[in-house]
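Down below is the structure, laid out as structure tokens.
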Amino acid sequence: MASATTMHHRRRSIIQLALLLLVTSPAAMLAAGGACESEEFPAGRSYATCADLPTLGASLHWKYDAAASSLSLAFAAKPPGTSGAGWVAWGINPTGDGMKGAQTLVAFKSSGAYVVNTYNLTGYRPLSAASTPIAFEATELAADEGADGKVRLYGTLQLPKGMEAVNHIWQVGSTVANGVPAKHAFAQENLEAKGSLVLTGAGTTDAAPAPVAGGPSAEQINSNTGNLETETAPEAAPAPLAGAPSTEEAAGDLETGTAPSPAPAPSSGSAAIITTYASAPVFILILVFAGFFATV
């Protein structure tokens, strides 16, 4: 009799544990894998999709209007160093997968207030104090600082028709000198701050490929101020063509005009979370049945 009672309690405990795991696991996964969803913005700013970017603790929020080819975005990251002294940047590269060729938005403080400059990054030279034209019409540019110390950069870009997958870059720096963003650090997370983004996707972003052989090293960049020069904006590139080589692969030179490689469909991010969600109930059911038969 005592043995039967013990077995009954054991089965009941296993079932209760399984139910507890079933209820709490998705919530825990969501909290760990979707930090961007908890970020709040001032009234009047809302975005349909967000993604936690893989480096620099950054996140991207956006709303893409395919009919109008309009991208409204908010990029959030915390610059290193003293609050209010650094800068954050986000951009799209229509001709490659790195910094060279990127059409960027850079937010920093000037005369005590945040401003957003546009820069067409064409080579490894210092930035200018004034904006330079970029390939995409940029409007509604603004920036502010959240309670968490993150600088939030806002803007709307007019993209070419059909550009629904892009290569993008992001960066942070600790210093603005004489109204000019100074060079950023060259830690691994800075060098890996690039990826591909599906604007019509569900908030997924892939890491960009590793730098190709022949590209400038961190030491070479450092020796030349660590910044990127700016020039007149190129014409907006068409949507990436399948199989096209990157600019660096084609000639190791920005001015080749080679079409960029397509931004690959995401294979990580939220897709991985969905896979985990799908497998969790199955694992728990197996656990329940294993416990049940072990006690029979």
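In mature numbering (1 follows the signal peptide of the UniProt record, and there is no 0), the protein residues as written are -31 to -1, 1 to 265. From the three backbone atoms N, C-alpha and C, an ideal C-beta is built for every residue, glycine too.
Using a 10 Å radius around the Cβ and a threshold of 16 neighbouring Cβ atoms, would you call residue i buried or exposed?
i	result
residue 117	exposed
residue 152	buried
residue 66	buried
residue 131	exposed
residue 190	Low per-residue confidence applies at residue 190: pLDDT is 37, beneath 50, and the placement is therefore not dependable, though the value from the model is reported in the following sentence. Answer is buried; the Cβ neighbour count reaches 16.
residue 11	exposed
residue 99	exposed
residue 13	exposed
residue 87	buried
residue 112	buried
residue 145	buried
residue 18	buried
residue 104	buried
residue 64	buried
residue 147	exposed
Check each candidate in the options and name the one with the smallest Cα separation from residue i.
i	options	result
residue 72	148, 89, 39 and 115	89
residue 165	20, 8 and 11	20
residue 15	46, 29 and 65	29
residue 68	148, 83 and 93	93
residue 125	131, 62, 82 and 33	33
residue 95	12, 149 and 140	149
residue 168	41, 4, 75 and 157	41
residue 54	91, 81 and 137	81
residue 115	9, 4 and 5	9
residue 156	35, 5, 49 and 39	49
residue 139	91, 128 and 26	26
residue 58	37, 4 and 43	43
residue 47	64, 70, 36 and 76	76
residue 101	159, 161, 146 and 74	74
residue 23	4, 35, 122 and 108	4
residue 70	105, 83, 91 and 79	91
residue 122	133, 85 and 36	85
residue 143	136, 159 and 97	159
residue 78	63, 17, 97 and 120	120
residue 36	154, 128 and 83	128
residue 107	163, 52, 61 and 97	61
residue 110	133, 83, 136 and 97	83
residue 7	137, 38 and 45	45
residue 141	39, 52 and 134	52
Which one or two residues does DSSP pair with residue i in a beta bridge?
i	result
residue 88	73
residue 5	The partner list for residue 5 (beta bridge, DSSP) is empty, contrary to what the question assumes.
residue 114	120
residue 18	31
residue 125	41 and 108
residue 100	Its beta-bridge partners do not exist; DSSP assigns none.
residue 80	Per DSSP, none; premise fails for residue 80.
Need the endpoints of the beta strand (DSSP E) that residue i sits in, please.
i	result
residue 62	56 to 62
residue 147	First-last for residue 147: undefined, no H or E at that position.
residue 105	Counting along the chain, residue 105 falls outside any beta strand (DSSP E), and DSSP gives it neither H nor E.
residue 45	39 to 46
residue 142	134 to 142
Does the beta carbon of residue i sit closer than 8 Å to a beta carbon anywhere in chain B?
i	result
residue 166	The chain labelled as chain B is not found in the depicted structure, where only one protein chain is given.
Specify, as a first and last residue, the run of the alpha helix (DSSP H) that residue i falls within.
i	result
residue 160	157 to 160
Could you have a look at residue i and say whether DSSP puts it in helix, strand or coil?
i	result
residue 153	coil
residue 51	coil
residue 93	coil
residue 166	strand
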